[in-house]
Amino acid sequence: MANSKKILRTCVFCREKLEQKELLRFIYQNERLSFYNNLGRSFYLCRICILKLKEELTVKDSKRIEKVLQKECKSKQNHVNQLKEILLDVR
Numbered sequence: 001m002a003n004s005k006k007i008l009r010t011c012v013f014c015r016e017k018l019e020q021k022e023l024l025r026f027i028y029q030n031e032r033l034s035f036y037n038n039l040g041r042s043f044y045l046c047r048i049c050i051l052k053l054k055e056e057l058t059v060k061d062s063k064r065i066e067k068v069l070q071k072e073c074k075s076k077q078n079h080v081n082q083l084k085e086i087l088l089d090v091r
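If you use the UniProt record's numbering, the sequence shown corresponds to residues 1 to 91, in order.
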């Protein structure tokens, strides 16, 4: 029997460790956020955090997600709206 290890990744927003298949993976490339395309560095968001983003965020959560995205994207631009646009297209 094969020893199957679960691949754990961390949601950049809530910092919870989950299986890779339970997270959505994003990339910042050419000054745009998009789903991961197997090139470059990426980051993960869990489904609970994605649901929070689709709804109205509290001021504290809004500032926190801005800070996280600035760190991950290495850019001072506000990427929260780009992320919301991507997530609204997800079915």
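For each residue, glycine too, the CB sits at the ideal point set by N, CA and C.
(1) Would you tell me roughly how many angstroms separate the C-alpha atoms of C73 and Y28, rounded to the nearest one?
(2) By how many angstroms is the C-alpha of V80 removed from the C-alpha of residue 118?
(3) Would you decide whether V68 is buried or exposed? Buried here means 16 or more other CB atoms lie within 10 Å of its CB.
(4) What does K17 pair with, by DSSP beta-bridge criteria?
(5) Which one of L18, F13 and Q20 has the shortest CA to CA distance from L83?
(6) Check each candidate in E16, L8 and S4 and name the one with the smallest Cα separation from C49.
(7) Just to confirm, is the Cβ distance from K6 to E19 under 7 Å?
(8) Extract the residue ranges of the alpha helix (DSSP H) inside the UniProt domain "YlxR" (9-83), only unbroken runs of 4 or more that lie entirely within it.
With the given structure in hand:
(1) Answer to the nearest angstrom: the Cα atoms are 6 Å apart.
(2) Past the boundaries of the shown model lies residue 118; the chain is included only from 1 to 91, so the question cannot be answered.
(3) buried
(4) In DSSP, K17 forms a bridge with T10.
(5) F13
(6) Closest option to C49, Cα to Cα, is E16.
(7) yes
(8) 47-54 and 59-73
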